[in-house]
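See below for the structure under consideration.
There are 2 protein chains.
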Amino acid sequence: MGKRYTVPARQGLAVRLKKGEQVRVINTHGTQVVDSWAFNAADPTEFMSMEHMRQGINGIIPKPGDGLMTNKRRPILTFLEDTSPGIHDTIIAACDIWRYRNLGVEGYHDSCTDNLRMALVAIGFPVAEVPSPFNLFMNIPVRPDHSIGWEPTVSKPGDSVTFRAEMDLVYAVSACPQDIVPINGAGLAPVDAHLEVLAEA
Amino acid sequence: MGKRYTVPARQGLAVRLKKGEQVRVINTHGTQVVDSWAFNAADPTEFMSMEHMRQGINGIIPKPGDGLMTNKRRPILTFLEDTSPGIHDTIIAACDIWRYRNLGVEGYHDSCTDNLRMALVAIGFPVAEVPSPFNLFMNIPVRPDHSIGWEPTVSKPGDSVTFRAEMDLVYAVSACPQDIVPINGAGLAPVDAHLEVLAEA
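Going down the list, the sequences are from chains A and B.
All residue numbers for the first sequence refer to the numbering used here, where the first residue is 58 and numbers rise by one.
All residue numbers for the second sequence refer to the numbering used here, where the first residue is 58 and numbers rise by one.
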């Protein structure tokens, strides 16, 4: 509570939130994509679901005021505040070892999928599946011809997004280790982000 | 093989395909949305995944020539042919009882989620989760302001899509029972569709 956590570059972090508490994700350096997930603390098979959320918000990018829906179609988080330009992604899967294999990486490569699993195991909350993440600050334009782009984030240093927990939940993030496709800025350098847990308003 | 199946209005159907076989989904009346899924026959935890597919095809709507990727980032189906105008959906979850509850339905309502589960159980292939479906003929425009629309399908009677199995797999479809939001045509009337299994080309 009131605590500030570092999400180290290329790594993940999970925290438990009580209903009413708030969490803020800070893009400290302004160039970092942060994959995020939320799970019902009482039932890991209920989680924030991008495909259900898009129906709920009638769109592909949530904004302040929106309820972020689970796979049981109820809000698990409310989006309270966004000091960034509001460009986030809900359509792309978390990176994983197969993504990096397809990009030509031969050895191990950190991934948001592995980061989520390790962060959840670290707090004693293992899950069977990795839901599609809410990719904070990720810039994937959908063009009129239905193609997509892979663009650097447009956020500025210190930009943040804030959510309120609508149930007791586990919130997890990963500072995306993607260093081949330039989503984390043209420099291809994953960096730290930060996370704050705030008292009930 | 060579068999034509009816997918009754509001119901589901699952078939097993061998690698190389083809499956064709026919929008017999031209107004019906058909949710579809594919699972690796040897491992139900590997399945066609919209969030991974969108990365693979660099877009939100697959077209002939595209490989439709699993959550392990390899093609499970190849999209061979599309005689429809090419408008399908990959961003919306299958309808479920919570969707109809939120739309004001009080009793039971058929849903693509239940249809998938029942169709898979009927062939002895139960799964733990319901992946986000490939919604054939479903017309969900994504607008420049990131909002989405819920529009009637633009397909014509007899339009079809054809896929080749890239591994032994279970293919499942649901003739969407949505009769409150007009995605199945302005008449709000779910109707039959058909499915054909074709020999290896």
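The beta carbon of each residue, even a glycine, is placed where N, CA and C say it ideally should be.
Span of the alpha helix (DSSP H), counted from its first residue to its last, around residue i
| i | result |
| --- | --- |
| Arg156 (chain B) | 154–159 |
| Asn172 (chain B) | 169–179 |
| Glu108 (chain A) | 107–114 |
Residues that residue i contacts on chain A, provided the C-beta gap is smaller than 8 angstroms
| i | result |
| --- | --- |
| Arg156 (chain B) | Gln112, Arg130 |
| Ser231 (chain B) | Going along chain A, no residue has its Cβ under 8 angstroms from Ser231 (chain B), so there is no contact; the nearest lies around 15 angstroms. |
Chain B contact residues for residue i, given Cβ-Cβ distances below 9 angstroms
| i | result |
| --- | --- |
| Gly57 (chain A) | Nothing in the structure corresponds to residue 57 (chain A), since chain A is present only between 58 and 258. |
| Ser168 (chain A) | Within chain B, no residue comes near Ser168 (chain A); the closest Cβ sits about 11 angstroms away, beyond 9 angstroms. |
For residue j and residue i, the rounded distance between their alpha carbons
| i | j | result |
| --- | --- | --- |
| Glu186 (chain B) | Val64 (chain B) | 22 angstroms |
| Thr219 (chain B) | Gln79 (chain B) | 7 angstroms |
| Glu208 (chain B) | Gly116 (chain B) | 20 angstroms |
| Tyr228 (chain A) | Asn84 (chain B) | 42 angstroms |
| Glu257 (chain A) | Leu137 (chain A) | 13 angstroms |
| Met107 (chain B) | Pro121 (chain B) | 16 angstroms |
| Arg73 (chain B) | Leu226 (chain B) | 6 angstroms |
| Arg111 (chain A) | Glu163 (chain A) | 35 angstroms |
| Cys237 (chain A) | Ala150 (chain A) | Note that residue 237 (chain A) corresponds to Ile in the displayed sequence, not to Cys. Distance between the alpha carbons of Ile237 (chain A) and Ala150 (chain A) is about 16 angstroms. |
| Gln89 (chain B) | Leu255 (chain A) | 48 angstroms |
| Arg131 (chain B) | Tyr62 (chain A) | 36 angstroms |
| Leu25 (chain A) | Gly59 (chain B) | There is no way to answer for residue 25 (chain A), as the model of chain A reaches only from 58 to 258. |
| Ile148 (chain A) | Tyr165 (chain B) | 31 angstroms |
| Arg174 (chain B) | His109 (chain B) | 22 angstroms |
| Ala222 (chain A) | Leu160 (chain B) | 24 angstroms |
| Phe182 (chain A) | Asn128 (chain B) | 22 angstroms |
| His86 (chain A) | Asp249 (chain A) | 7 angstroms |
| Asp310 (chain A) | Pro214 (chain B) | This structure cannot speak to residue 310 (chain A), because chain A is shown only from 58 to 258. |
| Val178 (chain B) | Ser93 (chain B) | 16 angstroms |
| Gly244 (chain B) | Asn172 (chain B) | 22 angstroms |
| Glu253 (chain B) | Arg81 (chain B) | 5 angstroms |
| Ile154 (chain B) | Pro119 (chain A) | 23 angstroms |
| Pro190 (chain A) | His251 (chain B) | 34 angstroms |
| Ile205 (chain B) | Ala176 (chain A) | 33 angstroms |
| Thr135 (chain A) | Asp123 (chain A) | 6 angstroms |
| Val199 (chain A) | Arg156 (chain A) | 20 angstroms |
| Gly69 (chain A) | Ser231 (chain A) | 4 angstroms |
| Met105 (chain A) | Val184 (chain A) | 13 angstroms |
| Pro188 (chain A) | Thr102 (chain B) | 13 angstroms |
| Pro239 (chain A) | Arg158 (chain B) | 42 angstroms |
Contact set for residue i: own chain, Cβ-Cβ below 7 angstroms, skip 5 residues either direction
| i | result |
| --- | --- |
| Val211 (chain B) | Pro142, Ile144, Asn196 |
| Met224 (chain B) | Lys76, Asn97, Ile133 |
6 angstroms CB neighbourhood of residue i in its chain, flanking five on each side removed
| i | result |
| --- | --- |
| Pro234 (chain A) | Arg67, Asp167, Pro247 |
| Asp216 (chain B) | Asn84, Thr140, Ser141 |
| Gly113 (chain B) | Met126 |
| Cys152 (chain A) | Ser168, Cys169, Gln235 |
| Ile180 (chain A) | Ala71 |
| Ile201 (chain A) | Looking at the sequence provided, one finds Pro at residue 201 (chain A) rather than Ile. If we look at Pro201 (chain A) and ignore the five residues flanking it on each side, it has no Cβ neighbours. |
| Asp146 (chain B) | Asn192, Met195, Ile197 |
| Ala95 (chain A) | Met105, Ile133, Leu134, Leu226, Tyr228 |
| His203 (chain B) | none |
Where the beta strand (DSSP E) containing residue i begins and where it ends
| i | result |
| --- | --- |
| Ala232 (chain B) | 226–232 |
| His251 (chain B) | 250–255 |
| Tyr62 (chain B) | 61–64 |
| Gly124 (chain B) | 124–126 |
| Val162 (chain A) | It is not in any beta strand (DSSP E) - Val162 (chain A) carries neither H nor E in the DSSP assignment. |
| Ala266 (chain A) | Chain A is shown from 58 up to 258; residue 266 (chain A) falls before or after that span and cannot be answered. |
| Gln79 (chain A) | 79–84 |
| Ala246 (chain B) | That residue, Ala246 (chain B), is in no beta strand (DSSP E); it is neither H nor E in DSSP. |
| Glu35 (chain A) | Because residue 35 (chain A) is not part of the residues shown, which for chain A are 58 to 258, the question remains open. |
| Asn241 (chain A) | That residue, Asn241 (chain A), is in no beta strand (DSSP E); it is neither H nor E in DSSP. |
| Thr219 (chain B) | 216–222 |
| Arg73 (chain A) | 69–74 |
| Asn196 (chain A) | Where Asn196 (chain A) is concerned, there is no enclosing beta strand (DSSP E), given that its DSSP letter is neither H nor E. |
Under 7 angstroms from the C-beta of residue i: neighbouring residues of chain A
| i | result |
| --- | --- |
| Asn159 (chain B) | Arg130 |
| Ser93 (chain B) | Neighbours of Ser93 (chain B) on chain A: none; closest Cβ ~14 angstroms, over 7 angstroms. |
Amino acids of chain B, ordered along the chain, whose beta-carbon sits closer than 7 angstroms to that of residue i
| i | result |
| --- | --- |
| Glu186 (chain A) | Glu186 |
| Ala150 (chain A) | Ser106, Glu108, His109, Gln112 |
9 angstroms Cβ cut-off: residues of chain A touching residue i
| i | result |
| --- | --- |
| Ser217 (chain B) | Within chain A, no residue comes near Ser217 (chain B); the closest Cβ sits about 20 angstroms away, beyond 9 angstroms. |
| Ser212 (chain B) | The premise fails here: Ser212 (chain B) is roughly 16 angstroms from chain A at the closest Cβ pair, so nothing lies under 9 angstroms. |
Residues that residue i contacts on chain B, provided the C-beta gap is smaller than 8 angstroms
| i | result |
| --- | --- |
| Ser141 (chain A) | None at all; the shortest Cβ gap to chain B is about 14 angstroms. |
Own chain partners of residue i with C-beta closer than 8 angstroms, once the 5 adjacent residues on each side are dropped
| i | result |
| --- | --- |
| Asn241 (chain B) | Thr88, Gln89, Val90, Pro209, Thr210, Cys233, Gln235, Pro247, Val248 |
Original post:
Where are the alpha helix (DSSP H) runs, 4 residues long or more, that stay fully inside the region 127–154 of chain B, in chain order?
Top reply: none
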